[in-house]
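Below is one structure, written out as structure tokens; the observations come after it.
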Amino acid sequence: MSETIFDKIISREIPADIVYEDDISLAFKDINPQAPVHFLVIPKKRIATINDIAKEDREVVGHLSWVAAKVAGEMGIAQEGFRTVMNCNEFGGQSVYHIHLHVLGGKLLGWPPYTDKPKNLE
Ligand code: 5GP
Numbered sequence: 144m145s146e147t148i149f150d151k152i153i154s155r156e157i158p159a160d161i162v163y164e165d166d167i168s169l170a171f172k173d174i175n176p177q178a179p180v181h182f183l184v185i186p187k188k189r190i191a192t193i194n195d196i197a198k199e200d201r202e203v204v205g206h207l208s209w210v211a212a213k214v215a216g217e218m219g220i221a222q223e224g225f226r227t228v229m230n231c232n233e234f235g236g237q238s239v240y241h242i243h244l245h246v247l248g249g250k251l252l253g254w255p256p257y258t259d260k261p262k263n264l265e
């Protein structure tokens with residue numbers, strides 16, 4: 144798969160508000176937040192979509208949820224609750240083809256997620 148903007152964030156070619164990093168993953172604030180707290184957790188390994196997760200990637204992908212909860216705890220939103228979302232391909236609303244877990248919180252989130260017409264159907 145080809146390079147995305149997230150590779151440039153990993154390599155520090157472009158800046159991001161990084162909130163967590165380890166050997167496996169990087170977490171940074173979303174540039175266009177959809178909630179008071181909105182950060183992304185990505186693997187350093189390039190995996191385009193959920194469909195491309197290989198059996199040997201299971202630990203890496205599970206790690207993303209662990210990082211999500213850890214950082215949410217540090218940000219003080221874990222007890223009230225938060226949402227994680229990983230969009231897949233066009234119908235799932237994916238725009239960056241390097242898997243990422245959205246972590247949204249800091250307010251009561253609506254469900255189902257799309258009460259209005261979603262942007263990709265306009
Ligand atoms: P997707 O639509 O693929 O599920 O989510 C991609 C997310 O990446 C979007 O929420 C978008 O705001 C975020 N994003 C795209 N480009 C950048 C960037 O350069 N920096 C940061 N911090 N977030 C980005």
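The working numbering numbers the first residue of the sequence shown as 144 and each following residue consecutively.
Backbone N, C-alpha and C fix where the C-beta goes; we use that ideal spot for every residue, glycine too.
All figures in this text were calculated on a predicted structure; none of them were measured in a lab.
Please return the same chain residues whose Cβ sits closer than 7 Å to the Cβ of residue 147, not counting the five positions on each side in sequence.
Shown here for residue 147: same chain residues with a beta carbon closer than 7 Å to its own, the five before and five after excluded, namely 239, 240 and 241 in chain order.
Short check: CB of residue 167 to CB of residue 186, under 8 Å?
Against a cut-off of 8 Å, the Cβ pair of residue 186 and residue 167 comes out as a contact.
Measure how close the beta-carbons of residue 194 and residue 231 come, nearest whole angstrom, since I'm counting them as under 8 Å.
Going by Cβ atoms, the distance from residue 194 to residue 231 rounds to 7 Å, so yes, they are a contact pair.
Mind checking whether the beta-carbon of residue 238 lies closer than 7 Å to any heavy atom of the ligand 5GP?
True, at least one ligand heavy atom lies under 7 Å from that Cβ.
Distance, residue 234 Cα to residue 217 Cα:
In a straight line, the C-alpha of residue 217 is about 33 Å away from that of residue 234.
Comparing alpha-carbon positions, which option in 237, 214 and 197 lies nearest residue 249?
Of the residues 237, 214 and 197, the one whose Cα lies closest to the Cα of residue 249 is 214.
Following the continuous alpha helix (DSSP H) through residue 112, name the residue where it begins and the one where it ends.
The structure shown does not extend to residue 112, since the chain is modelled only from 144 to 265, so the question has no answer here.
Residue 172 CB to nearest heavy atom of the ligand 5GP below 7 Å:
With a cut-off of 7 Å, the C-beta of residue 172 is classified as near the ligand 5GP, since at least one heavy atom of the ligand falls inside that distance.
Express the C-alpha separation of residue 208 and residue 190 in angstroms, rounding to a whole number.
A straight-line Cα-Cα distance of about 16 Å links residue 190 and residue 208.
I'd like the list of long-range same chain contacts for residue 164, defined as Cβ closer than 8 Å, with 5 residues on each side in sequence excluded.
So the qualifying residues of the chain are 170.
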